[in-house]
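There are 4 protein chains.
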Amino acid sequence: MKIAFIGLGNMGAPMARNLLKAGHQLNLFDLNQAVLQELAGLGGSISTSPRAAAEDSELVITMLPAAAHVRSVWLGDDGVLAGIAHGTPAVDCSTIDPQTARDVAAAAARQGVAMADAPVSGGTGGAAAGTLTFMVGASAELFAILQPVLAQMGRNIVHCGEVGTGQIAKICNNLLLGISMIGVSEAMALGDALGIDTKVLAGIINSSTGRCWSSDTYNPWPGVIETAPAARGYTGGFGAELMLKDLGLATEAARQAHQPVVLGAVAQQLYQAMSLRGEGGMDFSAIVNSYRKPT
Amino acid sequence: MKIAFIGLGNMGAPMARNLLKAGHQLNLFDLNQAVLQELAGLGGSISTSPRAAAEDSELVITMLPAAAHVRSVWLGDDGVLAGIAHGTPAVDCSTIDPQTARDVAAAAARQGVAMADAPVSGGTGGAAAGTLTFMVGASAELFAILQPVLAQMGRNIVHCGEVGTGQIAKICNNLLLGISMIGVSEAMALGDALGIDTKVLAGIINSSTGRCWSSDTYNPWPGVIETAPAARGYTGGFGAELMLKDLGLATEAARQAHQPVVLGAVAQQLYQAMSLRGEGGMDFSAIVNSYRKPT
Amino acid sequence: MKIAFIGLGNMGAPMARNLLKAGHQLNLFDLNQAVLQELAGLGGSISTSPRAAAEDSELVITMLPAAAHVRSVWLGDDGVLAGIAHGTPAVDCSTIDPQTARDVAAAAARQGVAMADAPVSGGTGGAAAGTLTFMVGASAELFAILQPVLAQMGRNIVHCGEVGTGQIAKICNNLLLGISMIGVSEAMALGDALGIDTKVLAGIINSSTGRCWSSDTYNPWPGVIETAPAARGYTGGFGAELMLKDLGLATEAARQAHQPVVLGAVAQQLYQAMSLRGEGGMDFSAIVNSYRKPT
Amino acid sequence: MKIAFIGLGNMGAPMARNLLKAGHQLNLFDLNQAVLQELAGLGGSISTSPRAAAEDSELVITMLPAAAHVRSVWLGDDGVLAGIAHGTPAVDCSTIDPQTARDVAAAAARQGVAMADAPVSGGTGGAAAGTLTFMVGASAELFAILQPVLAQMGRNIVHCGEVGTGQIAKICNNLLLGISMIGVSEAMALGDALGIDTKVLAGIINSSTGRCWSSDTYNPWPGVIETAPAARGYTGGFGAELMLKDLGLATEAARQAHQPVVLGAVAQQLYQAMSLRGEGGMDFSAIVNSYRKPT
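Chains as they are written, first to last, in the working numbering: chain A, 69 to 363; chain B, 69 to 363; chain C, 69 to 363; chain D, 69 to 363.
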């Protein structure tokens, strides 16, 4: 299939590589010339604008850092909607606020383009390995069209509802994740301070009502889970700055919906404090260090 | 075995019944005459004081509402330690602060009595069915002695470490549980307000990084889990007042240990606000109503 | 002086009236025809666009609801900057984020227009009475030019520093105000629950280290201050929705600056919960009702 | 007057010195022999127990670290109530929970002794200078008796209501103080991060609705108030550990009263985190450092 792929950052570039491997023809656009050259070497064609990339494509995929980029890549003078043909399916894989996702999709619909939002989880490792989870907001028809292509970049392709619900699913999950990780940190640090063995404590929690992914798979206490970032100095996982971005999207969406998120807001501030201390580049589970005596 | 069983409230009475069924002889003590008469009818003997109950028993078990009762039943003039024979094993199943558990065990040790703390989870339903979880703080020797008897009242008998660690395990788990339940409530209510189907959202969370017992087993949103209290008007589960008691133990233990528990403290206050509104008797998952428009 | 006045809502209309009374000629613009007609009856001239209003004015003043309006009124095709003459002083009195204030002023500067931000406090009462406080971010030269005109609409004209600092001063003050009001609410409600007379308690606080405007001037407990909204059913003061708007600006500015505001974020969520319960139209001091048994 | 003075720590010793200077005869008791000897050198008589000190005194004053000491000094076998004569007025100046204050006073009343609670503020400096504030819970009759003596140790003697209300007034004021100080810290740090001059910001807050003692008298930002601890490295004021003690009393009293204190609980945890970092000995306004980049 001829696919326009726009946005070739840490996530987009490996995703595009997987589509090339799967045999698709790619019209590529990014501001970074080096990555364009590299992907051209793998068979991709370089376009001069999102508009040009979209013009003769059968599917448009974008993967961008934030809502402002999505608006400009889709709605700008040289944007996707200036070039895309009526009836072409389209999907934005960026993590942005649900309202922008809906606004851009509404603009696309006005010119006969069905557009989905499909933010991912799984990180750069999952993007490279083709094991991402896609949370897709789309009509049933569009989902059926997108599913096989997304499955060439990911393992778990989930239909969340109409456009915008992909973003909603992602920010609600990550809101809970950000809270749970701090909850586990407080429980583990309290247990340690009171004198229980932390491996024993984790074992009890994991078979009881405190059980959660943040404890049984990604426990922040060093020595509990050998494959977790805590075992390697909190490197190489899901950075605290990325968690901050998602909590920012969640609390801002909540504000607009007049919906309180008390623990979510406190969690956001605690990661913010971590960022202020210069630890924003560490894995988000390093929040546990806020609960330990400095060494 | 001849066992002194002291404290026959909502939890203690069904636990004692299970021991009688298992063929033990029980010396019973409680201030409530009605429950004493009922258990005497099942074969138990009524004692006139904790001291008297302990005097000719081979094992002493207590199940009391709070630390003050534990101190008085064990250390009072007519208390267990005034009657118990040197070398008799003993276990307190109350949920209290770890320090009191250690203090009373130390007093017991001074007269040659090895004492464990073994708070339970599973509620009155688990007590009646004999499916409680016991979190046991005891030496390996004492644990080996207690294990078979506790197994006649519960299904999951966990050794947490030395005396006091049973209480620590319980309050750390419930600290996390109280936080997780509010985290799930915020995520579900936000998703609903933003327009995703709540069953779909729960499904995504349950197979993603937000996965936790509060979502996949006890989801607070009505209609998501048919067996959860949310499906029956938030009745019949783990009452908000009990969660408040456990969060109070956790934050107080944290205060004494100079250990911050930020989300735990906020969670405690949110359940406190629920209690102030007169909803303390509802299942603790009804905290989700704080995040929904009043009807 | 010939002044363009754009934005004639609840605040802008009475401010414009005071300028007309002071003898200025006003070029007026708003989307609301009724208010335009009314002010035309008082001597103002109706303009067809912000651009037209600005074209032959010696000073441009805007007073708009939010940042999006400020951007469009100043930067749009028919906006102020399309019509204003090089060298004309300008001031925006809206309460918006500091970054937008700086961005718009930078755009103005690029065409030789010195622009100030000057958000107000004092409410619609202060706007009508001409007793507003203006917090002005401007160069010393521009401040000297604006001061006499602002003084015809307000009593307290404060120079906060360069452009943007007016907004910063306002959101920092209101961040603290939102926190203090909840702090006073918690202290008063706790004192009442524990059994001290609330007037006595307020008196002690007001002469001690808890002293603050939220207690000594605007105490949320009914019966303590006769002139406070608490004495009249929490009507007619500073609405909770307005406090929410300002806390939203503060936490968003904090997020962008990587600056934690823990209590500020919790305060925002507590007013959000008040809004969810349908009480957003009440004075913000009605937050105290979150701490009282429902009646 | 012949006065029993029991408890001669950092606060009690200078208070007793002021009573000796005022010409009273003192029966002194403390466990610290050095301070007893020193005060004996100034004319005091050393007693061998609280009971002995109380036996021939016309007034009993105690000043102790915590509730456990108050219970034991008053109710113990060799305690005040074992020696005090029927009809002797009595006052405890310790800062403890209101319930213990009421319990001990009730025990005193049962043997014809009218007892007041009168916690102080003003610190060791105020104790030495005789400028303390006493918050007195007592009947009007007892207050009239105590007032002249307390006035020899303090400047501001406030009658708060019946016994227990002195403690309530103190913990409610300090709850608010602990919150306000963090509120000011967040506002000042945010303003600084956004680019306003902090002295200008403090000036605006101090003449606006954010005005409070924590800003206008004790501002935590260095360089704003020359006499505040911030100007001398956060030494010599009201230590964070003392604030933690008072917030612990407040949240525990709130828990017992089923009264939520959300911001108060978060404040307590933030000072707790400060204590964990080893900064508990600094003035409580050093909490502002939690909001600044580490240097």
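Glycine included, C-beta positions come from ideal geometry on N, C-alpha and C.
Bear in mind the structure is a predicted one, so any value in this text is a computation, not a measurement.
DSSP state of residue i mapped onto helix, strand, coil
i, result
"G144(D)", "coil"
"F211(D)", "helix"
"C228(D)", "strand"
"L87(B)", "helix"
"S189(D)", "strand"
"T130(B)", "strand"
"C240(B)", "helix"
"N357(C)", "helix"
"I74(D)", "strand"
"Q101(C)", "helix"
"F352(B)", "helix"
"S113(D)", "strand"
"M79(B)", "coil"
"T233(C)", "helix"
"T266(A)", "helix"
"R279(B)", "coil"
Neighbour flag for residue i against chain B, beta carbons, 8 Å
i, result
"E209(A)", "no"
"G316(D)", "yes"
"L243(A)", "yes"
Residue i classed as buried or exposed, judged by whether at least 16 other C-beta atoms fall within 10 angstroms
i, result
"D98(A)", "buried"
"H92(A)", "buried"
"M69(A)", "exposed"
"H227(A)", "buried"
"T303(A)", "exposed"
"L218(A)", "buried"
"T285(A)", "exposed"
"D145(A)", "exposed"
"N242(C)", "buried"
"G349(C)", "exposed"
"T130(A)", "buried"
Any chain C beta carbon closer than 8 Å to residue i
i, result
"Q101(A)", "no"
"F341(A)", "This sequence places Ala at residue 341(A); Phe is not what is there. Yes, its Cβ sits closer than 8 Å to a Cβ of chain C."
"R323(A)", "yes"
"G304(D)", "no"
Chain B contact residues for residue i, given Cβ-Cβ distances below 8 Å
i, result
"H137(D)", "None at all; the shortest Cβ gap to chain B is about 17 Å."
"T201(A)", "S276"
Any non-hydrogen atom of the ligand NAP within 7 Å of residue i CB
i, result
"V356(B)", "Here there are no bound small molecules, and the ligand NAP is not part of this structure."
is_contact[residue i, chain A] using C-beta, thresh 8 Å
i, result
"R170(C)", "no"
"S353(B)", "no"
Interface residues of chain A facing residue i [CB-CB closer than 8 Å]
i, result
"K361(D)", "L344, R345 and G346"
Partners in chain C for residue i, counting only beta-carbon separations shorter than 7 Å
i, result
"A333(A)", "A333, V334, Q336 and Q337"
8 Å Cβ cut-off: residues of chain D touching residue i
i, result
"Q327(B)", "Q340 and L344"
Per-residue contacts from residue i into chain C (C-beta, under 8 Å)
i, result
"S358(B)", "A341"
Residue-chain proximity (residue i, chain D), Cβ-Cβ < 8 Å
i, result
"V330(B)", "yes"
Partners in chain B for residue i, counting only beta-carbon separations shorter than 9 Å
i, result
"V292(A)", "Simply none; closest approach about 13 Å."
Contact list for residue i against chain D, beta-carbon separation under 9 Å
i, result
"G232(C)", "L262, G263 and I264"
**Message:** With three or more C-beta pairs closer than 8 Å as the rule, is the segment 315-326 of chain C touching the segment 230-244 of chain C?
**Reply:** yes
**Item:** Near-chain F residues of the segment 251-282 of chain A (beta-carbon distance less than 7 Å), N- to C-terminal order
**Value:** Among the protein chains of the structure shown, namely A, B, C and D, there is no chain F.
**Message:** Three or more C-beta pairs under 8 Å: does that hold for the segment 154-165 of chain A against the segment 178-188 of chain A?
**Reply:** yes
**Asked** When the Cβ atoms of the segment 72-81 of chain A are set against those of the segment 165-173 of chain A, are three or more pairs found closer than 8 Å?
**Response** no
**Prompt:** Do the segment 321-333 of chain C and the segment 335-351 of chain A meet, that is, are 3 or more Cβ pairs less than 8 Å apart?
**Reply:** yes
**Touch test, the segment 272-287 of chain B against the segment 275-293 of chain A, Cβ-Cβ under 8 Å, three pairs minimum** = yes
**the segment 248-265 of chain C in contact with the segment 240-250 of chain D per 3-pair CB rule at 8 Å** = yes
**Prompt:** Is there contact here, the segment 137-144 of chain A with the segment 101-115 of chain A, by at least three beta-carbon pairs under 8 Å?
**Reply:** no
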